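Asker:
In the numbering used here, the protein residues as written are 239 to 536.
(1) Restricting to Cα atoms, I'd like to know which of 341, 291, 332 and 513 is closest to residue 446.
(2) What's the gap between the Cα of residue 336 and the Cα of residue 343?
(3) At which residues does the alpha helix (DSSP H) containing residue 416 begin and terminate?
(4) Could you give the C-beta distance for residue 251 and residue 271, rounded to a whole number, given that I count them as a contact under 8 angstroms?
(5) Just grab the DSSP bridge partners of residue 497 for me.
(6) Could you tell me which of 293, 408 and 310 sits nearest to residue 261, measuring between CA atoms?
(7) Between the Cα of residue 420 and the Cα atoms of 441, 257, 322 and 351, which residue gives the shortest distance?
(8) Going by CA-CA distance only, name the one from 341, 377 and 387 that's closest to residue 404.
(9) Just the Cα atoms here: how many angstroms apart are residue 285 and residue 385?
(10) Residue range of the alpha helix (DSSP H) that residue 355 falls in?
(11) Note down, in chain order, each residue of its chain lying with its Cβ closer than 7 angstroms to the Cβ of residue 528, except the 5 sequence neighbours on either side.
(12) Classify residue 527 as helix, strand or coil using the three-state DSSP reduction.
(13) Could you pull out every residue in the same chain whose Cβ sits closer than 8 angstroms to the Cβ of residue 442, ignoring the five residues on either side in sequence?
(14) In chain order, which alpha helix (DSSP H) runs of at least 4 residues are fully inside the stretch 447-509?
(15) Quick check: the Cα distance between residue 321 and residue 339, rounded to an integer number of angstroms?
(16) Hey, out of 347, 402 and 375, whose CA is closest to residue 364's CA?
(17) My assumption, with CB atoms under 8 angstroms, is that residue 511 sits in contact with residue 500. Please give the rounded CB distance.
(18) For residue 317, tell me which candidate among 469, 496, 471 and 394 has the shortest Cα-Cα distance.
(19) Does DSSP put residue 250 in a helix, a strand or coil?
(20) Would you mind stating whether residue 462 and residue 424 have Cβ atoms separated by less than 8 angstroms?
(21) Terminal residues of the continuous beta strand (DSSP E) containing residue 381?
(22) For residue 456 versus residue 487, is the C-beta spacing smaller than 8 angstroms?
(23) On the DSSP bridge list, what partners appear for residue 444?
(24) Where does residue 369 land, buried or exposed, given buried means 16+ other C-beta within 10 angstroms?
(25) From residue 283 to residue 325, what distance separates their C-alpha atoms?
(26) Taking the alpha helix (DSSP H) that residue 411 belongs to, which residues open and close that run?
(27) Could you pull out every residue in the same chain whose Cβ sits closer than 8 angstroms to the Cβ of residue 453, ignoring the five residues on either side in sequence?
(28) Do residue 399 and residue 373 have their beta-carbon atoms positioned less than 8 angstroms apart in this structure?
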């Protein structure tokens, strides 16, 4: 009985990259092979002819087969890096995206006190809250999610990273203890429920509850913008992520609710993907006086 010929890292990577249909097939293949072999990706370039054991080949090919179906690499590996933090992920949470780091950057640029109180709504893996905590140990950060698995996952990530974030179970504000925050941040669901992209690519495997928000994608954003003033201090900030084509609509929601200094912010692709506003009660009151009809409608 003859043994199978040995396979090298480069041979396996080329074969896998040819099968994977994604924006970065070679990167996907390298991440999967690194996971199986314990080798860094740079070693594949330095020693492309390094041989891989038969058991490692089998494990790698099993992961590639799942990736070919479209299953996200992060779910296959069980972790995803965000803000240089290694976060555990699962199918019960949205996979943290690089562009959401722009939300973190925007929050860090705000004039907040050293012991600011911050609330992260719909925290998922805890990515935003933990990134902020890693930069400001004095901030008192609360993160919430309505999915029990997400709450447990965010708590585990906080524990492993040793970051002081309090994670609680709540559907938006509904079960939070009364408090006032200097900053509320959120990357809520914002995809319309009939969006054709929901049946394409990696999002097919992500929880719909973390993606979809009514017929126009704004259902959860409306709730957050409407209720945030009840939880913000005077002069507090609300910062949310949304779709690239929703910037004008979301800014309108902020202004209608009475927020001041409303502005759209861009992601790494220079698309308007975030909206920021400051809560000033006097501005809101003046706005209602100016347009009494809108106030009565509220």
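No residue lacks a Cβ here, since even glycine has one placed at the ideal position from N, Cα and C.
Just so you know, these numbers come straight off a predicted model, no measurement behind them.
Answerer: Reading it off the structure:
(1) Start at 1 with the first residue of the chain shown, and residue 446 comes out as number 208. Looking at the Cα atoms, 332 is the closest of the given residues.
(2) For the purposes of this step, residue 336 is identified with residue 98 of the chain shown, where counting begins at 1. For the purposes of this step, residue 343 is identified with residue 105 of the chain shown, where counting begins at 1. Distance between the alpha carbons of residue 336 and residue 343: 12 angstroms.
(3) In the chain shown, residue 416 corresponds to position 178, counting from 1. From DSSP, residue 416 is part of no alpha helix (DSSP H); its letter is neither H nor E.
(4) Numbered from 1 along the chain shown, position 13 holds the residue referred to as residue 251. Numbered from 1 along the chain shown, position 33 holds the residue referred to as residue 271. Indeed they touch by this definition, with Cβ atoms about 6 angstroms apart.
(5) As a working note, residue 497 is residue 259 in the chain shown. 517, per the DSSP bridge assignment.
(6) To locate residue 261, count along the chain shown from 1; it is residue 23. When only C-alpha atoms are compared, the closest one is 310.
(7) Along the chain shown, read from residue 1 onward, the residue named residue 420 stands at position 182. Closest option to residue 420, Cα to Cα, is 351.
(8) Here residue 404 refers to the residue found at position 166 of the chain shown. Out of 341, 377 and 387, 377 has the C-alpha closest to the C-alpha of residue 404.
(9) One-based indexing of the chain shown puts residue 285 at position 47. One-based indexing of the chain shown puts residue 385 at position 147. Their Cα atoms are separated by approximately 44 angstroms.
(10) Residue 355 sits at position 117 when you count from the first residue of the chain shown. It is not in any alpha helix (DSSP H) - residue 355 instead sits in the beta strand (DSSP E) that spans 355-359.
(11) Within the chain shown, numbered from 1, the residue matching residue 528 stands at position 290. The predicted position of residue 528 is uncertain, since its pLDDT is 40 and thus under 50; a value taken from the coordinates is nonetheless stated next. Same-chain partners within the cutoff: there are none.
(12) Counting from 1 along the chain shown, the entry for residue 527 is found at position 289. Since pLDDT at residue 527 reaches only 44, below the 50 mark, its modelled position is unreliable, and the value read off the structure follows with that caveat. Helix at residue 527.
(13) In the chain shown, residue 442 corresponds to position 204, counting from 1. Closer than 8 angstroms at the Cβ level, and outside the excluded window around residue 442, lie 308 and 436.
(14) 457-465 and 485-495
(15) Numbered from 1 along the chain shown, position 83 holds the residue referred to as residue 321. Numbered from 1 along the chain shown, position 101 holds the residue referred to as residue 339. Straight-line Cα distance between these residues: approximately 7 angstroms.
(16) On the chain shown, residue 364 is found 126 positions in, with the first residue counted as 1. Of the listed residues, the one whose Cα sits closest to residue 364 is 402.
(17) Translated into positions along the chain shown, residue 511 becomes position 273. Translated into positions along the chain shown, residue 500 becomes position 262. In fact, because the Cβ distance is near 15 angstroms, the residues do not count as touching under 8 angstroms.
(18) As a working note, residue 317 is residue 79 in the chain shown. When only C-alpha atoms are compared, the closest one is 394.
(19) Numbered from its first residue, the chain shown carries residue 250 at position 12. Helix.
(20) Locating residue 462 in the chain shown gives position 224, counting from the first residue. Locating residue 424 in the chain shown gives position 186, counting from the first residue. Yes, these two residues count as a Cβ contact at 8 angstroms.
(21) Counting from 1 along the chain shown, the entry for residue 381 is found at position 143. Where residue 381 is concerned, the enclosing beta strand (DSSP E) stretches over 378-383.
(22) Reading the chain shown from its first residue, position 218 is the one you call residue 456. Reading the chain shown from its first residue, position 249 is the one you call residue 487. Against a cut-off of 8 angstroms, the Cβ pair of residue 487 and residue 456 comes out as a contact.
(23) Stepping through the chain shown from its first residue, residue 444 is reached at position 206. Looking at the DSSP assignment, residue 444 forms no beta bridge with any residue, so it has no partner.
(24) Residue 369 sits at position 131 when you count from the first residue of the chain shown. Buried, because 16 or more other Cβ atoms sit within 10 Å of the Cβ of residue 369.
(25) Taking the first residue of the chain shown as position 1, residue 283 is located at position 45. Taking the first residue of the chain shown as position 1, residue 325 is located at position 87. Those two C-alpha atoms are separated by around 26 angstroms.
(26) Here residue 411 is taken as the residue at index 173 of the chain shown, counted from 1. Unbroken run through residue 411: none, as it is neither H nor E.
(27) For the purposes of this step, residue 453 is taken as the residue at position 215 of the chain shown. Once the five neighbours on either side are set aside, the close Cβ partners of residue 453 are 430, 431 and 432.
(28) The residue given as residue 373 occupies position 135 in the chain shown. The residue given as residue 399 occupies position 161 in the chain shown. It is not a contact, given that the beta carbons lie outside the stated cut-off.
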